[in-house]
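Engineer:
In my numbering, the protein residues as written are 7 to 151.
1. For residue 68, count neighbouring Cβ atoms within 10 angstroms of its own Cβ and tell me buried if that reaches 16, exposed if not.
2. If you draw a straight line from the alpha carbon of residue 64 to that of residue 47, how long is it in whole angstroms?
3. Starting from residue 55, trace the beta strand (DSSP E) both ways and give me its first and last residue.
4. Any contact of the stretch 72–79 with the stretch 89–96, i.e. 3+ C-beta pairs under 8 Å?
5. In whole angstroms, what separates the C-alpha of residue 42 from that of residue 57?
6. Contact defined as beta carbons within less than 8 Å: I believe residue 106 pairs with residue 20. What is the distance between those atoms, to the nearest angstrom?
7. Applying the criterion that 16 or more other CB atoms from any shown protein chain within 10 Å of the CB defines a buried residue, is residue 102 buried or exposed?
8. Have a look at 114, 84, 109, 74 and flag the residue whose alpha-carbon is nearest the alpha-carbon of residue 95.
9. Go to residue 102, then tell me how far its alpha helix (DSSP H) extends in each direction, as first and last residue.
10. Would you give the residue range spanned by the alpha helix (DSSP H) that residue 140 belongs to?
11. Hey, quick one: how far does the alpha helix (DSSP H) through residue 92 stretch, first residue to last?
12. Using three-state DSSP, classify residue 45 as helix, strand or coil.
13. If residue 148 sits next to residue 22, beta carbons under 8 Å apart, how far is it from one beta carbon to the other, in whole angstroms?
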């Protein structure tokens, strides 16, 4: 029997159009303004948003630690679905999969983030990190619905 690795699923309702949310999660100049799990700065954002294209983010936490997750886009359906691998440099065996799914509703977008194939010991820290990141995205785009 193959063991299933843990996942994290988070949902936010955002008062913004699908086009606005899509731009925020795919355009490096916008990602620079909000990406990261806490109030620390995003130092670099590169995104070649197409299947097979790569991304790289560098952010600094408030405690001074810098992180540089990278990955490859697997599925890109504008304003609907963005799927990419998630890798930490130096830990290639820890590649996991992240999905952003956008569903319009009256007055905004329901954004679901799913991070799959996480090692058990990484699940809790990723859940906290992604929750902080989504809170920053909501603040960047406007009020939560």
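Beta carbons are placed, not taken as given, at the ideal position from N, Cα and C, and that holds for glycine.
Structural biologist: Concretely, from the data shown:
1. As a first step, residue 68 is located in the chain shown; it is residue number 62 there, counting from the start. For residue 68, the number of other beta carbons within 10 angstroms of its own is below 16, and it is reported as exposed.
2. For the purposes of this step, residue 64 is identified with residue 58 of the chain shown, where counting begins at 1. For the purposes of this step, residue 47 is identified with residue 41 of the chain shown, where counting begins at 1. About 9 Å.
3. Counting from one through the chain shown, the residue named residue 55 turns up at place 49. Unbroken run through residue 55: none, as it is neither H nor E.
4. Result yes; three or more Cβ-Cβ pairs closer than 8 Å.
5. Taking the chain shown and counting its residues from 1, the one referred to as residue 42 is at position 36. Taking the chain shown and counting its residues from 1, the one referred to as residue 57 is at position 51. Each residue's Cα considered, the two are about 23 Å apart.
6. Mapped onto the chain shown, residue 106 falls at position 100. Mapped onto the chain shown, residue 20 falls at position 14. Contact flag wrong, Cβ pair sits at about 12 Å.
7. Residue 102 sits at position 96 when you count from the first residue of the chain shown. When all chains shown are included, residue 102 counts as buried.
8. One-based indexing of the chain shown puts residue 95 at position 89. Restricting attention to 114, 84, 109, 74, the CA atom closest to the CA of residue 95 is found in 74.
9. Your numbering for residue 102 matches position 96 in the chain shown. According to the DSSP assignment, residue 102 belongs to no alpha helix (DSSP H) but to the beta strand (DSSP E) extending over 102–111.
10. In the chain shown, the residue the question calls residue 140 occupies position 134. Residue 140: member of the alpha helix (DSSP H) spanning 126–147, first to last residue.
11. The residue labelled residue 92 in the question sits at position 86 within the chain shown. Careful: residue 92 lies outside any alpha helix (DSSP H), inside the beta strand (DSSP E) at 87–92.
12. Residue numbering aside, residue 45 sits at position 39 when the chain shown is read from its first letter. Coil, per DSSP.
13. Indexing the chain shown from 1 puts residue 148 at position 142. Indexing the chain shown from 1 puts residue 22 at position 16. Confirmed, about 6 Å.
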